[in-house]
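Peer 1: Please see the structure below; I have some questions.
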Amino acid sequence: MASNNLLVILAIVAVVLPSVTMATDYWVGDSNGWTNGTDYQTWAQDKVFYVGDKLVFNYTMGKHNVFKVNATGFSQCIIPPSNEALTSGHDIIPLMVPGKKWYICGVGQHCAQFGQKLVINVESGAPAPTPTKNSAHGILISGYQFFMAAVLAVAAMVMA
Ligand SMILES: [Cu+2]
């Protein structure tokens, strides 16, 4: 009976997990990372950010940093106090609240001269399902469910 309970739990996990792992981690600038010479508005323009997604700023520690600013700070490249900077080189910012978010680099003139700044709009929830989206997710989920079915089969054999 104990092994049956485990199988039930695994089956529930297999069904529930895909729906909670669809948040996206966005590597700002993709392979360029957070640096000079990348147009972050071009990078952002074809993306839709949702609450629960994360921004990941990758850069060489000490060469750049990340400040969250407001619209004025963004347009005029006003650098906040240095203790507000993110400086790890791999700064992960969870998008918790819908609305506009502004980020700039506070090193040298990176913001003013090189345009090292990013503005995004965070949407409140996942998009309403459309037939296109459903079919895309369907493929992902069926692949995942195939994997879980294989795991369950192995588990059943081990416990038999
Ligand atoms: Cu910089």
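Numbering (our numbering), first residue to last: 8 to 167.
Note that CB positions come from ideal geometry on N, CA and C, so glycine has one too.
#1: On the premise that residue 113 lies in contact with residue 74, defined as a C-beta separation below 8 Å, what is that separation, rounded to the nearest angstrom?
#2: Leaving out five residues before and five after residue 127 in sequence, what residues of the same chain have Cβ atoms less than 6 Å from its Cβ?
#3: CB-CB under 7 Å to residue 44, same chain, minus the five flanking residues each way: which ones, in chain order?
#4: Taking the C-alpha atoms as reference points, what is the distance between residue 60 and residue 123?
#5: Is any heavy atom in ligand 1 found nearer than 7 Å to the beta carbon of residue 112?
#6: Going by DSSP in three states, residue 98 sits in which element: helix, strand or coil?
#7: Given residue 42, which residues of its chain have a CB within under 8 Å of its CB, disregarding the five upstream and five downstream residues?
#8: For a test of the three-state rule: what should DSSP assign to residue 166, helix, strand or coil?
#9: Just mark residue 132 as buried or exposed, buried being the case when its beta carbon has 16 or more other beta carbons within 10 Å.
#10: Going by DSSP in three states, residue 219 sits in which element: helix, strand or coil?
#11: With a threshold of 6 Å on Cβ separation, who are the neighbours of residue 101 within its own chain once the five nearest residues in sequence on each side are excluded?
Peer 2: Let me lay it out:
#1: 5 Å
#2: 51, 56, 108
#3: 121
#4: Taking the straight line joining both Cα atoms gives about 21 Å.
#5: Result yes, Cβ under 7 Å from ligand 1.
#6: strand
#7: Excluding residues within five positions, the ones whose Cβ falls inside 8 Å are 36, 66, 70, 71, 123.
#8: helix
#9: In the assembly as shown, residue 132 is an exposed residue. Its beta-carbon has fewer than 16 other beta-carbons within 10 Å.
#10: One cannot answer for residue 219 here, as it falls past the ends of the chain, which runs 8 to 167.
#11: 61
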